[in-house]
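S.K.: To start, I am sharing the structure in question, which I have written as structure tokens.
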């Protein structure tokens, strides 16, 4: 795949919804130098890579994406359903760190 793909910057600013900070995400971060993000459902891997490189000024090695189906839960007497979520595990090239405040360490 060529590196000369151009994306709309406005779209890239919306691709990453929020970072996921949990025990599993921290473990993955320490083991594989990867950061976990909640992303738009229609986001493609090249878009996610370009968005992380644009926003955090780091080089991305690879991106893995997981679609998680929402659970059915009881809310009082009625049944409800949590939203479906798309997670992206973004592996940063070795020697670089990503601080979620946007600073390169």
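In this note's numbering, the protein residues as written are 136 to 240.
Positions of the beta carbon are idealized from the N, C-alpha and C atoms, including for glycine.
Note that the coordinates shown come from a computational prediction; the quantities given were computed from them, not determined experimentally.
(1) Who are the Cβ neighbours of residue 180 in its own chain at under 7 Å, not counting the five residues just before and after it?
(2) Rounded to a whole number of angstroms, what is the C-alpha to C-alpha distance between residue 145 and residue 176?
(3) Mind pulling the alpha helix (DSSP H) runs of 4 or more residues that sit fully within the stretch 172-232?
(4) Run through DSSP, which three-state label would residue 170 get?
(5) Quick one: give me the first and last residue of the beta strand (DSSP E) that residue 151 is part of.
M.R.: With the given structure in hand:
(1) 198 and 200
(2) 16 Å
(3) 180-191
(4) strand
(5) 151-154
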